[in-house]
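In what follows, a single structure is set out as structure tokens and then discussed.
There are 2 protein chains.
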Amino acid sequence: MDQTPPLQDLPHQHVVFTDGLALECGVALAEITVAYRTYGTLNAARSNAVLVCHALTGDQYVAETHPITGKPGWWDAIVGPGLPLDTDRFFVICANVLGGCMGSTGPRSLRPGLDTPWGIEFPPVTIRDMVRAQKRLIEHLGIARLFAVIGGSMGGMQVLQWAADYPDAVFAALPIASAAYHSAQNIAFHEVGRQAIFADPEWHGGRYWAAGTIPARGLAVARMCAHITYLSEQALARKFGRRLQGAPKTAGEAISLFGDMFEVESYLQHQGSTFVRRFDANAYLTITRAMDYFDLAADHGGDLATAFRGSPTRFLLVSFTSDWLFPTAESRSIARSLNRAGANVSFVEIPSDKGHDAFLLDEPDFHRTLAGFLAGCAVHAKL
Amino acid sequence: MDQTPPLQDLPHQHVVFTDGLALECGVALAEITVAYRTYGTLNAARSNAVLVCHALTGDQYVAETHPITGKPGWWDAIVGPGLPLDTDRFFVICANVLGGCMGSTGPRSLRPGLDTPWGIEFPPVTIRDMVRAQKRLIEHLGIARLFAVIGGSMGGMQVLQWAADYPDAVFAALPIASAAYHSAQNIAFHEVGRQAIFADPEWHGGRYWAAGTIPARGLAVARMCAHITYLSEQALARKFGRRLQGAPKTAGEAISLFGDMFEVESYLQHQGSTFVRRFDANAYLTITRAMDYFDLAADHGGDLATAFRGSPTRFLLVSFTSDWLFPTAESRSIARSLNRAGANVSFVEIPSDKGHDAFLLDEPDFHRTLAGFLAGCAVHAKL
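Chain order of the listed sequences is S and V.
Note that the first sequence ends on residue 383 in the numbering used here; no numbers are left out.
Note that the second sequence ends on residue 766 in the numbering used here; no numbers are left out.
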């Protein structure tokens, strides 16, 4: 793999909160920046705002060309005119998470008063910290109550945290392909990725920016490993099966020594090498750690229902049959807790063979489910 | 992680075949060594021999203390006096696979006429090559027909290859938790491991032995990733859940920066760091590649039944409910092909929440199934 240069610094749309944020870990950030994008128009009553929460490697470029990759927005099948999150009707907001690397305060940000980035010394953030930064943005935009908060995977964790912490600010909550805690298996896969980053010779103890380099190979291995967990066995079999292709001439010696390679290997290597051009290794560590530590029930005396007792929020939980990273059982468990809490909850399991990534893909049943639920909520909200 | 010294060279019990072996890739090895262990006594009729085929990271030390790790044999719950593979009754043989690193010819072996090991230049071997080396050993031991050939995971691939290539030399074949081809998902996980090895600064293009080092961190990451696939989500949840422990003082700075660690992380790191003391990275590449290329149906015109048409062998297929690496569907598919071929086949799915590793663990139903099937075969074989 070629050495990849440090990430570009792009002028992301953002807001700076100069009064800072006290993190759950005890560290107070003196000021925070929240980078975000919006789509559609906020109505006069400020009642049509939908907050989209992105997943581990997502960002705020939901429904427009990505400024680094040049690819379409990661949810442009969901967010846009006439789509389930109809931008002719809703004001859609998405913020880069705290700890991320696309403009919000994170390990790539310069330390206050210094001309060096936080890097590995960036304090650990939690899902709750991410949500608190988003809440500041929402208040800044003059919105007291969000019509909906929606997100898949880690985005769904944020949705649950929003509903638990700010029930009166969330009319509808849609955690998609998510869970109320990160499982031992999920933590284990994250740990493999982290160890791959630590093992990279360009890691430099997390201070790779000082050496003008990045731990590209380790981060690529982390991405490859994670990517497998986002797909189902059936999806991999359907897309690639056991088809061979000639090893690319640009591949490293070690690869070509094996002669032909399987298409699935080439695909994963591509996933790894393109990822490192847009993502920061320290941000990857920070965000995976936030997911690992997420356990909403544990924060409420061990009973998830306690987090939602008396909640006025309307919930839609969605899972996908072939998602083995955030399996249906975890959404079902949340639905049971919400029922015990007396909350208003719908739960839909969508048949799909696309694995966890189904929430990002063209799944008509899923899209119809979202549109239908939001239409019903809009009636109740008198939108 | 501390730098781990190169593997010890141990005096393994072995036989040398000075007439060599022509590999499927076209390379002829001028001579081959097969390291092996036996348990029990070969009877006068030479009719009570059972060949055990080991898995990817297994070796010939089936039922005795391992000479490097000091741990019990990897199948000492199965092989021994009064156990399913009863060494009071059967003569049990296990050979280190061709391409391995415990005494059989492989990347750690010296190149003929040179004082340097093959390393990365060791030719690719196939499951069939491994079986052909084992066949040489069996002939050397004066055994015309094996009472049984048994193995789990990659061992099961060898069992299938044995039954396909030498039907008259295999009275009973027991492929456990295995498949007739390696799936795209399994290839993908192997590729993550290989890329982690290639990314290690001590990889040295596969010539790490010349630098007196080993790519310990990359190999450890490969092992960690693979190890997750050997367990079920339920097993990880039961064994570790989300329990935290203090970060060990010996851990690298990057780990301790996160404060507490999850028990599952500590466990995986231990699995990785102990593995590199007993396993060679080039052997890991060679063997994972052999598994990836295994596709028994493709070698028989695309129809697995063709491989077994007219087979006199009695088959027992065993799968485990929570094994997602070699799921029941793959054993069932083999059973269907064997039925179409008119072969004598039993198929048992064992309920277990222990994942792929169940075949190595204390699973009474599994052990009873093996014992029962072998007892029946012994009657038919007039043993």
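Think of the CB as a built atom: it goes at the ideal place given N, C-alpha and C, for glycine as much as any other residue.
Since this is a predicted model, take the numbers as computed values, not measurements.
Same chain, Cβ closer than 7 Å to residue i, five either side skipped, listed in chain order
i                      : result
residue 510 of chain V : 540, 541, 544, 673, 677
residue 227 of chain S : 268, 271
residue 283 of chain S : 99, 100, 101, 106, 107, 108
residue 38 of chain S  : 91, 92, 93
residue 565 of chain V : 674, 675, 677
residue 189 of chain S : 225, 226, 229
residue 76 of chain S  : 63
residue 166 of chain S : 135
residue 463 of chain V : 446, 470
residue 30 of chain S  : 20, 112
residue 234 of chain S : 322, 353
Reference residue i; option with closest CA among the options
i                      : options                    : result
residue 731 of chain V : V/713, V/744, V/563        : V/713
residue 22 of chain S  : S/98, S/62, S/179, S/35    : S/98
residue 751 of chain V : V/534, V/705, V/397, V/468 : V/468
residue 699 of chain V : V/459, V/438, V/559        : V/559
residue 280 of chain S : S/58, S/40, S/171          : S/58
residue 222 of chain S : V/596, V/575, V/602        : V/575
residue 499 of chain V : V/707, V/589, V/585        : V/589
residue 685 of chain V : V/695, V/591, V/693, V/563 : V/563
residue 103 of chain S : S/355, S/296, S/36         : S/36
residue 51 of chain S  : S/44, S/296, S/171, S/322  : S/171
residue 533 of chain V : V/679, V/432, V/599        : V/432
Close-in-space but distant-in-sequence residues of the same chain around residue i (CB under 8 Å, 5 per side omitted)
i                      : result
residue 69 of chain S  : 274, 277, 278
residue 628 of chain V : 643, 644, 645, 646, 649
Residue i versus residue j - alpha carbon distance
i                      : j                      : result
residue 465 of chain V : residue 416 of chain V : 32 Å
residue 474 of chain V : residue 425 of chain V : 5 Å
residue 74 of chain S  : residue 61 of chain S  : 7 Å
residue 702 of chain V : residue 200 of chain S : 38 Å
residue 19 of chain S  : residue 239 of chain S : 50 Å
residue 224 of chain S : residue 758 of chain V : 46 Å
residue 523 of chain V : residue 400 of chain V : 9 Å
residue 123 of chain S : residue 109 of chain S : 12 Å
residue 398 of chain V : residue 513 of chain V : 15 Å
residue 454 of chain V : residue 410 of chain V : 36 Å
residue 682 of chain V : residue 242 of chain S : 13 Å
residue 585 of chain V : residue 502 of chain V : 14 Å
residue 381 of chain S : residue 740 of chain V : 52 Å
residue 591 of chain V : residue 393 of chain V : 20 Å
residue 528 of chain V : residue 693 of chain V : 17 Å
residue 727 of chain V : residue 526 of chain V : 23 Å
residue 155 of chain S : residue 603 of chain V : 31 Å
residue 448 of chain V : residue 437 of chain V : 16 Å
residue 342 of chain S : residue 379 of chain S : 21 Å
residue 679 of chain V : residue 717 of chain V : 10 Å
Near the ligand NAD: residue i beta-carbon under 7 Å from a heavy atom
i                      : result
residue 151 of chain S : Of the ligands one can find in the structure shown there are none, so the ligand NAD has no counterpart to examine.
8 Å Cβ cutoff met for residue i and residue j
i                      : j                      : result
residue 619 of chain V : residue 195 of chain S : no
residue 285 of chain S : residue 47 of chain S  : no
residue 601 of chain V : residue 580 of chain V : yes
residue 350 of chain S : residue 362 of chain S : no
residue 373 of chain S : residue 346 of chain S : yes
residue 478 of chain V : residue 520 of chain V : yes
residue 305 of chain S : residue 340 of chain S : yes
residue 450 of chain V : residue 551 of chain V : no
residue 114 of chain S : residue 148 of chain S : no
residue 377 of chain S : residue 314 of chain S : yes
residue 78 of chain S  : residue 370 of chain S : yes
Cutoff 6 Å; reference residue i; Cβ partners in own chain excluding five residues on either side
i                      : result
residue 670 of chain V : 439, 482
residue 40 of chain S  : 87, 90, 91, 92
residue 384 of chain S : The question about residue 384 of chain S has no answer, for chain S in this structure spans 1 to 383.
residue 708 of chain V : 612, 739
residue 232 of chain S : 322, 353, 355
residue 408 of chain V : 506, 507
residue 204 of chain S : 211
Contact with chain C by residue i, beta-carbon distance below 8 Å
i                      : result
residue 578 of chain V : Among the protein chains of the structure shown, namely S and V, there is no chain C.
- [ ] Please specify which runs of the beta strand (DSSP E), each continuous and at least 3 residues long, are wholly inside the stretch 426-488 of chain V, giving them in chain order.
- [x] Whole beta strand (DSSP E) segments, 3+ residues: 432-436, 474-478.
- [ ] For the stretch 141-197 of chain S, list the alpha helix (DSSP H) runs that are entirely contained and at least 4 residues long, ordered along the chain.
- [x] Residue ranges of uninterrupted alpha helix (DSSP H) with 4 or more members, entirely inside the stretch 141-197 of chain S and ordered along the chain, are 154-165.
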